[in-house]
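Numbering (UniProt numbering), first residue to last: 1 to 292. Where a beta carbon is used, it is the ideal one built from N, C-alpha and C, also for glycine. Please read the structure below before turning to the comments.
Written out as structure tokens, the structure is:
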């Protein structure tokens, strides 16, 4: 596990540093690169994951086959929730915070995501800084949070890039058998009804996109002040497009997530290039400042 950039300097963001300190405390630093390569540097999101989501993450980073490691991580995450200051992440040297191409993760999926942070100001609605979030006195209701999540949208050219990539691979996608649904869960009953809609139903595609969301789905327990980041919106967009071609994937969230992640991984360089190719006159001042 390396944290030193190509030029000898350390390039690591605050969220990566927090992840490093948590794994260091749990004596699990051997998984650090696995978390980063999967885009899993958000410890808060890891703490808020449902049981199924947490187990899925453990499988992705190669920890699911080592239950004692999982327990150690869970124990340290509980400690971090109760007292994050004890981990000393707020003592991180300023020169450790970097967003340069000299990051040790250059060339990986996370490196592309890391470079693409500059795209976030181009998303709608605008993302809110941590400082401004803390200053908001109003606590949003669940319905307000759902409305904010559902109105977040990628730029049209990025949606087109993802849709074109899914369309191109659609003919090679297998036919997925639907997974059994739980008739006692209202959401499963709604999905079952959706799958019975004819292909020409006017609301079918819209509902497939709604129920296919991997992140911030309307029934998720997402923190009230946490909007989707750019990578999460890309995953959701890819998932929605996949379900339009293969509706039964809406019942197979693990398969859907893996396919969507693969598509975003392949599309990320094109998405970043699309952003950089915009004329300077069309760019926001914040975009120009980030690209200096």
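- The Cβ-Cβ distance between residue 261 and residue 235 falls below 8 Å.
- By the Cβ criterion, the segment 212-219 is not in contact with the segment 190-204, since fewer than three pairs of Cβ atoms, one from each stretch, lie closer than 8 Å.
- Here residue 69 is buried, its C-beta having at least 16 other C-beta atoms within 10 Å.
- The UniProt domain "Nab N-terminal" (13-87) contains, as complete alpha helix (DSSP H) runs of 4+ residues, the segments 14-25, 32-37, 43-48, 51-60 and 67-82 (chain order).
- Where residue 186 is concerned, the enclosing alpha helix (DSSP H) starts and stops at 186-195.
- With contacts defined as CB atoms closer than 8 Å, residue 49 and residue 57 qualify as a contacting pair.
- For residue 270 and residue 231, the gap between their C-alpha atoms comes out near 14 Å.
- Taking 8 Å as the cut-off, the beta carbon of residue 28 is found closer than this to the beta carbon of residue 72.
- Counting the other CB atoms within 10 Å of its CB gives residue 201 a total below 16, which places it among the exposed residues.
- If you draw a 10 Å sphere on the C-beta of residue 81, you find fewer than 16 other C-beta atoms in it, and that means exposed.
- Cβ contact annotation for residue 34 (same chain, cutoff 7 Å, sequence separation greater than five): 61 and 62, in chain order.
- If only uninterrupted alpha helix (DSSP H) runs of at least 4 residues are considered, those enclosed by the UniProt domain "NAB co-repressor" (154-268) are 156-170, 186-195, 204-212 and 230-245.
- Counting other Cβ atoms within 10 Å of its Cβ, residue 229 reaches 16 or more and is therefore classed as buried.
- Of all alpha-carbon atoms in 266, 210 and 173, the one lying nearest the alpha-carbon of residue 255 is that of 173.
- Around the beta carbon of residue 175, a 10 Å sphere encloses fewer than 16 other beta carbons of the protein chains shown; the residue is thus reported as exposed.
- In this structure, the alpha-carbon of residue 153 lies about 7 Å from that of residue 233.
- The shortest CA-to-CA distance from residue 51 to any of 64, 210 and 163 is the one to 64.
- Here residue 272 is not near residue 166, since their CB atoms are 8 Å or more apart.
- Taking C-beta atoms as the reference points, residue 266 and residue 159 fail to come closer than 8 Å.
- Exclusion of the five residues before and after residue 32 leaves 1, 19, 20 and 23 as the residues of its chain whose Cβ lies within less than 8 Å of its Cβ.
- Between residue 253 and residue 75, the alpha-carbon positions lie close to 27 Å from each other.
- Annotation for residue 241: 162, 163 and 166 place their beta carbon closer than 7 Å to its own, counting only its chain and skipping 5 residues before and after.
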